[in-house]
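When we follow this note's numbering, the leftmost residue of the sequence shown carries the number 230, and every step to the right adds one.
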Amino acid sequence: MDKVDFENYKKDLPQQSISTSSISESTTFDPDDTWRAVKELVRLKISDRNFKTWFTNTYIENISNGVVDFSCQNNLQKTTIINEYLQTLKECLQQATGTNFMVNVNTREEEKGDRPKYEYVDSRKENEKKSGEKNLFTDLENEKTLRENAINRAQINPKYTFDTFVVGSHNRLAEAVARASSKELGTLYNPVFFYGNTGVGKTHLMQAIGNEVIKNDPNKQVVYVSIEQFLNEMITSIRSKKEQSFREKYRKVDLLIIDDIQFVETYPKTQEALFHTFNTLYQANKQIVLAADRPPSEIKNLTDRLRSRFEGGMVADIGVPDYETRMAILQQVLEEKNIQIPNEYLDLIAKNIESNVRELEGALNKILSLVRLGDLPTYEEAAKILQVDIASKRKKITPKKVITSVSEVFEVKPTEIKGNRRTAYVALSRQVVMYILRNELELPLEKVAREVNRKDHTTVLHACEKISKMIEDDSRFKEKIESCKRYLVQ
Numbered sequence: 230m231d232k233v234d235f236e237n238y239k240k241d242l243p244q245q246s247i248s249t250s251s252i253s254e255s256t257t258f259d260p261d262d263t264w265r266a267v268k269e270l271v272r273l274k275i276s277d278r279n280f281k282t283w284f285t286n287t288y289i290e291n292i293s294n295g296v297v298d299f300s301c302q303n304n305l306q307k308t309t310i311i312n313e314y315l316q317t318l319k320e321c322l323q324q325a326t327g328t329n330f331m332v333n334v335n336t337r338e339e340e341k342g343d344r345p346k347y348e349y350v351d352s353r354k355e356n357e358k359k360s361g362e363k364n365l366f367t368d369l370e371n372e373k374t375l376r377e378n379a380i381n382r383a384q385i386n387p388k389y390t391f392d393t394f395v396v397g398s399h400n401r402l403a404e405a406v407a408r409a410s411s412k413e414l415g416t417l418y419n420p421v422f423f424y425g426n427t428g429v430g431k432t433h434l435m436q437a438i439g440n441e442v443i444k445n446d447p448n449k450q451v452v453y454v455s456i457e458q459f460l461n462e463m464i465t466s467i468r469s470k471k472e473q474s475f476r477e478k479y480r481k482v483d484l485l486i487i488d489d490i491q492f493v494e495t496y497p498k499t500q501e502a503l504f505h506t507f508n509t510l511y512q513a514n515k516q517i518v519l520a521a522d523r524p525p526s527e528i529k530n531l532t533d534r535l536r537s538r539f540e541g542g543m544v545a546d547i548g549v550p551d552y553e554t555r556m557a558i559l560q561q562v563l564e565e566k567n568i569q570i571p572n573e574y575l576d577l578i579a580k581n582i583e584s585n586v587r588e589l590e591g592a593l594n595k596i597l598s599l600v601r602l603g604d605l606p607t608y609e610e611a612a613k614i615l616q617v618d619i620a621s622k623r624k625k626i627t628p629k630k631v632i633t634s635v636s637e638v639f640e641v642k643p644t645e646i647k648g649n650r651r652t653a654y655v656a657l658s659r660q661v662v663m664y665i666l667r668n669e670l671e672l673p674l675e676k677v678a679r680e681v682n683r684k685d686h687t688t689v690l691h692a693c694e695k696i697s698k699m700i701e702d703d704s705r706f707k708e709k710i711e712s713c714k715r716y717l718v719q
């Protein structure tokens, strides 16, 4: 629909709904007119195929109290709209009406009299309509089955999608290249070559391309294979005299994904078969995606003609995730598993396992295995499970870091802790510092006193006794002390 037509739809809506972002009690929205405007916006944001599949016979039933009741035919349609198009629907509603609505998506009960008021009901066409609805449901089920079969044939994990791939500064370029390639197979970047250390997400990203392609068109032929499997299949085809079948499998695909391509350096015969497969697909504008633990220039014993082809498209590095990305990965795993644990445990993992996403998730699973048994380990126990040497780290702790940790947790300036202010809260923070210096760093009483600019070591004894008593009596205060200790070994 062009801009002029859409403007005509907007004219059908109440004028105040176009100009305000909040709901006025006097504002009314006609479901028919609103849906006519919104569906054209939805149509502009998604493909015609998906629009016809998921938004056929959908309606706005009612608009009141800031809520839009949206109806569809069946549970499959409802689930897909909620999971994949709900945000798009909300955005289009806001664009069309100027109001941020909540949206309820429900299936319609096909009972007599319970139909959208703007849907013309002709009793003579009831059987024809029900037959059409049955056919739509069958088509939706068939498309779902097509996707599942295509994923199984491709040998990819359906959980490896762009939505579950955590993006950070270390992989932003690679993720952008992957998304673009999934939309324009064989034309934008071809081949795509990802490289990086083990466990940084190369396999996830490659299979996300495959899942996205199948999601958009389950008839596309996608194959994911490791170079070892490619070699084994080639040897088997030679022995069984089925070389033609082997060639057809890999040369008639729309997307070929090969993992661990660096191992091809030890197999000259495999390089030759790979070269011819590569050429056939490349000349047919079919997409090729490769991954290795190093760039093409560093793969030894690789023929020049194959190396030049690997480097002829887009070569993208996937680096080591930074701390923020590691935390995001751990939080996403928890969200997928629907489990919650305190953030300090995630912090412990993220700060001590830096180079490998796979090891990161493995460390989290160790902690979760105890949580499932109903027993959350202490911070020290978690460190021991993860083989993090807290004792060694504590030996490197300085009095300055102790003061900094207490100032962070108790929100008192370091200068106040070492100063002469005697307000109750500042004095308490100063006593906590003395307690930690004495008990964690095992400093002499006189040195502890000097660190906080005090002359008498009896002040330190009094502080240690007081803080020890407060820890026993007050669980919240005890948690604050534990937070200070954790800060020291970070």
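All C-beta atoms, glycine included, are put in the ideal place defined by N, C-alpha and C.
Within the same chain, show all residues whose beta-carbon is closer than 6 Å to that of residue i, passing over the 5 residues directly before and after it, in chain order.
| i | result |
| --- | --- |
| K274 | T317 |
| R536 | P525 |
| F422 | L519, F539, V544 |
| D703 | none |
| F280 | R272 |
| R278 | none |
| G548 | H399 |
| A521 | Y424, I490, Q491 |
Going by other Cβ atoms of all chains shown within 10 Å of its Cβ, with 16 needed for buried, is residue i buried or exposed?
| i | result |
| --- | --- |
| L484 | buried |
| N419 | buried |
| V635 | buried |
| K529 | exposed |
| M556 | buried |
| Q473 | exposed |
| Q512 | exposed |
| M331 | exposed |
| H433 | buried |
| G542 | buried |
| Y654 | exposed |
| D392 | exposed |
| L602 | exposed |
| Y479 | buried |
| P550 | buried |
| E708 | exposed |
| T652 | exposed |
| Q516 | buried |
Grouping DSSP H, G and I as helix and E and B as strand, with all else coil, what is residue i?
| i | result |
| --- | --- |
| F423 | strand |
| D261 | helix |
| F280 | helix |
| T687 | helix |
| I292 | strand |
| V297 | strand |
| L305 | helix |
| D488 | strand |
| V493 | helix |
| T390 | coil |
| T287 | coil |
| N335 | strand |
| D483 | coil |
| K647 | coil |
| K709 | helix |
| I311 | helix |
What does a CB cutoff of less than 7 Å around residue i pick up in its chain, not counting 5 residues either side in sequence?
| i | result |
| --- | --- |
| S712 | V638 |
| K695 | Q660 |
| E462 | F475 |
| E494 | I528, K529, N530, L531 |
| V662 | V631, I632, V635, I646, V681 |
| N386 | Q436 |
| I582 | E588, L589, A592 |
| N304 | T336 |
| P643 | I632, T633, S636 |
Consider the C-beta atom of residue i and the heavy atoms of the ligand HEM; say whether any pair is separated by less than 7 Å.
| i | result |
| --- | --- |
| G425 | With respect to the ligand HEM, the structure offers nothing, as it holds no ligand at all. |
Output needed for residue i: all residues of its chain with C-beta closer than 8 Å, excluding positions within five of it in sequence on either side, in chain order.
| i | result |
| --- | --- |
| E669 | R623, I626, V631, K714, L717 |
| Q560 | L575 |
| S293 | none |
| L690 | L674 |
| E457 | D489, F492 |
Exercise for review: Just list the alpha helix (DSSP H) runs in the segment 582–638, keeping only unbroken ones of 4 residues or longer that don't cross its boundaries, in chain order.
Suggested key: 586–601, 608–614, 619–623
Exercise for review: Jot down the residue ranges of each uninterrupted beta strand (DSSP E) in the segment 504–529, minimum 3 residues, whole runs only, in chain order.
Suggested key: Complete beta strand (DSSP E) runs here, min 3: 516–521.
Check your understanding: Is the number of C-beta pairs between the segment 428–436 and the segment 576–588 that are closer than 8 Å three or more?
Key -> yes
Review point. Quick one: any contact between the segment 438–451 and the segment 406–413, if contact means 3 or more CB pairs under 8 Å?
Key: yes
Practice item. Scan the segment 396–468 and note each continuous beta strand (DSSP E) run of 3 residues or more that stays entirely inside, going in chain order. Key: List check, beta strand (DSSP E) in window: 421–424, 451–455.
Point to revise | Within the segment 523–567, ranges of the beta strand (DSSP E) (whole runs, at least 3 residues) | key: 543–546
Review point. So, do the segment 285–293 and the segment 256–268 have three or more beta carbon pairs nearer to each other than 8 Å?
Key: yes
Review point. At a cut of 8 Å, does the segment 385–400 reach the segment 455–475 through at least three beta carbon pairs?
Key: For the pair of segments examined, the segment 385–400 was found not to touch the segment 455–475: the number of CB pairs separated by less than 8 Å stays below three.
Check your understanding: If we count Cβ pairs, one from each stretch, closer than 8 Å, do we get three or more for the segment 668–684 versus the segment 597–611?
Key -> no
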